[in-house]
Amino acid sequence: MSHDGVGPRAVRRSVVFLTAGALAVPLLAGCGSADEAGKPLARQDIAPAARARVAEGGMLRWAVDTVPETLNAFQSDADATTTRVAQAVLPAMYRLDVTGRPRRDADYLESAKVVDTEPKQVVLYRLNQQAVWSDGREIGAADFAVQWRALSGKDSAYWTARNAGYDRIEKIERGANDLEVRVTFKRPYADWRSLFSPLYPKDVMGTPDSFNDGARGKLKVTAGPFLVNKIDRKADEVRLTRNPRWWGHPAKLSEIVLTAVPRNERASALAAGKLDLAEIDAAGAQRVEGAANGTAGPLAGPGGGRTAAKALRSWALAHGSDEERAETEAGARTKLTRAIAQWEQQQKALRDFEVRRSLEPAYTQLALNGADGPLADERVRRAVARALNRKELAKLVLKPLGLPAEPVGSHLALAGQEAYADSSGALGGQDTSEAQALLADAGWVLGGPVKEQPKGEKAAGAKGEKAAGEKAAGAKKKADGDSPGGDDGTYIVGEDDKPPAETGREEKRHALKDEDDGRQLAQDGKQYKQLHQGAVPGAYAPKGTPAPKGTPAPMGTAAPAAARGKALAKDGKALSLRFVLPSGPGSEPLATVAERITRMLAKVGIRTEIVKVSDESYFKDHIASGQYDLALYSWPASAFPATDARPIYAKPVPAADGSLSVEQNYTRVGTDQVDQLFDQALATLDADEERSLIRKADSRIWAAAGSIPLYQRPQLTAARKSVVNAGAFGFQTPVYEDMGFLKKGAKASGSLSKK
């Protein structure tokens, strides 16, 4: 599953089963009342202010991850910035509210309803009569019809990322006038509200050339509170300016500048006055808040690792008799002094900012690749799941950030959304005895004989890797400081043969480390970049990809002892699972969570080989191509799970060339029953029945244990204190026309004008 917000839902969801029939799932699992949806775990945090309190004009400088490769949200390389631009400049019939539910946007749509179901479903749209494109033309039926033809999948000349929903339309007709649009479906479609958001002008959708190329770098015609003024790739920015033809509440800001800034540089960019709004990592949040309350002094910045003893030694050398060493040390101290002065200057500037926090509409999961190896056995997957304490993992990530630390209970929705219900009971919670029993039932015996494997042969569960014994030897060399070109990215974690007293001491040591892990996560916790829509072509992974040299083994690693401890074995092979992680900047939180997971698995006798790979290789060469056993990645939530989640959990099927077609189901775990429930949910126009079917599907996805939702992702945004109606949006689609700066003397309070 991502990592900057949810992309346009018409694009493939980003990043990121064997039969479950043996598990008795209650018939009513996941079929409770709508109250099960509850409320969002965290409120949005945007410093709300009534429009009357917002100043006219001004430029908002807003950090983004990238300058988009395309402005066409229906192409495969559309990303989070494409979404942000589309939200500001294009029509959307429905947008998400604070609970993640679709709401009609009255600026574009006066009404929309199903007017016929027999013989076919017909939806009648009545458009706002004031709604016009920026060239003055009325938004009408022709725009709907042309977009349908482009996205229907009938014409392969259109390079579309996905056709879901549009391929169910039979025809689109003009109603009583151009402002009435009649959409007739071939077969019932529950998620019809997902369509035409965003809506592009017929100039973009009219021909394959204009669709494929014309809208990639510019949008000449738009219809939102802002226009695309300029894309400057040299300056890494997109400039949006007020739309003079906008008929709704006029935009308060004169200009929004979306600037691409790496996440690890955003705190400095904020301090330098280059940004007003930026999503940041946990370390950045700590720095901004430390500037406000004076707790982040120089020791938290340059030279922060210098102890009192080191400082004393530095002073002694600088004033001692060894002139050469003293001169070197004095130069270093001069550089450090300058760095501290710069740090303090930046901290002073950061006092003008505050951290706004919520939870992203996305969750992080543990993915279990069920294509082959030990995890092809449902009992082993369920044993992995039953070994996990998901509450503990959620606390590890979210508690240090002051956010609700509740594990996610659904694959298909998040708390507050209509389809949400905690269906994790279909699989069960943490239970060491049950996990061990499942492994025993699957034939994995503790201390069983392990055959010596020929060089190059796979250990059980280690796809494309060397034998586990070779990995242990490599890890030992690394632990001893000897890594002459070996596989520096792989570490073996297992349960050693320890006497009860030693085991008890080890448990206490781990318990004492929990608090340290949380503090480190708060300090170094930049989230791994969310896998954006249309992420990868699915290239095959190179074997044995190592991590960068010098990567430390995770806490609790005991590679040398792994050879001494008793292993779970079957058919002469030890049970060892390949846990693939990204190694780039910002991957520290995933590494911390993975380390805790390996510790939990070790308690039931499951060993793990942690393999760190480059960020560029992580998804396309490992997740999408199936070169992993365990992995951590995120999926965004959707208001339309029957449409958007189906390709993620669809049962893989053989393709014509003999390969396996997995769509977006990168765990390769699916069932016919889940597919049928999705199909039934899509085909009903009864909202209660659709919700019930989605919850049933989720129960069965839990039972198949292909992916285990862990926690909703944190959303931290640094905002200039004077910026209002912007920040950590949570589920809600931003209301761009209400964003701005407070009038002098005004306070950020009061209700918003709409939406």
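Going by full-length UniProt numbering, the sequence shown opens with residue 1, and the numbers climb by one from there. Beta carbons are placed, not taken as given, at the ideal position from N, Cα and C, and that holds for glycine.
The residues Y125, A141, F144, in chain order, have a CB closer than 6 Å to that of V181 in the same chain once the five nearest residues on each side in sequence are set aside.
Under the three-state reduction of DSSP, A569 is assigned to strand. DSSP places M93 in the coil class of the three-state scheme, outside both helix and strand. Cβ-Cβ separation between L359 and P714: approximately 6 Å, consistent with a contact (criterion under 8 Å).
When DSSP states are grouped into helix, strand and coil, Y158 belongs to the coil group.
Using a Cβ-Cβ distance cut-off of 8 Å, the region 708 to 724 and the region 388 to 399 are in contact, since at least three pairs of beta carbons, one from each stretch, lie closer than that value. Contact check for V674 against H622 fails: the beta carbons are separated by 8 Å or more.
In this structure K186 is exposed. Its beta-carbon is surrounded by fewer than 16 other beta-carbon atoms within 10 angstroms. Here P361 is not near F640, since their CB atoms are 8 Å or more apart. For G727, same chain residues with a beta-carbon under 7 Å away, outside a window of 5 residues either side, are D45, I46, A47, R356, T717, A719 in chain order. The beta-bridge partner set that DSSP reports for V669 is empty.
Listed as beta-bridge partners of E138 by DSSP are V132.
Residues R182 of the same chain have their beta carbon placed closer than 6 Å to that of E173, with the five preceding and five following residues left out of the count.
As DSSP reads the structure, P582 sits in a beta bridge with V613. By the Cβ-count criterion, V115 is exposed, with fewer than 16 other Cβ atoms from all chains shown falling within 10 Å of its own Cβ. Nearest to E378 by alpha-carbon distance, out of T337, R51, K744, T671, is T671. Boundaries for L388: no beta strand (DSSP E) harbours it, and the DSSP string shows neither H nor E there.
Counting along the chain, the unbroken alpha helix (DSSP H) around M205 starts and ends at 202 to 205. Note: V355 is bridge-paired with A718 in the DSSP secondary-structure output. Rounded to the nearest angstrom, the Cβ distance from L219 to V384 is 47 Å, too far for a contact under 8 Å.
The Cβ-Cβ distance between R263 and L350 does not fall below 8 Å. For Y420, no beta strand (DSSP E) run applies, since DSSP gives it neither H nor E. Excluding sequence positions up to five before and after A642, its CB lies within less than 7 Å of the CB of A190, D191, F678, A681, L682, E690, I694, all in the same chain and listed in chain order.
Residue pairing by DSSP places G248 in no beta bridge whatsoever.
In this structure, V85 lies away from L96, with their beta-carbon atoms at least 8 Å apart. In the three-state scheme derived from DSSP, where H, G and I count as helix and E and B as strand, P407 is classed as strand.
DSSP places L350 in the helix class (H, G or I) of the three-state scheme. Closest option to K395, judged by alpha-carbon separation, among A131, T592, R325: T592.
In this structure, L630 places its C-beta atom within 8 Å of the C-beta atom of T608. Leaving aside the five residues that flank R239 on each side, the residues in its chain whose CB is nearer than 6 Å to its CB run, in chain order, N229, K230, V257. Here A367 carries a strand assignment [DSSP, helix/strand/coil]. In this structure, the CA atom of A376 is about 21 Å from the CA atom of S424. Where E180 is concerned, the enclosing beta strand (DSSP E) starts and stops at 180 to 185. By the criterion of at least three beta-carbon pairs nearer than 8 Å, the region 600 to 615 is in contact with the region 426 to 445. Here V653 is exposed. Its C-beta has fewer than 16 other C-beta atoms within 10 Å.
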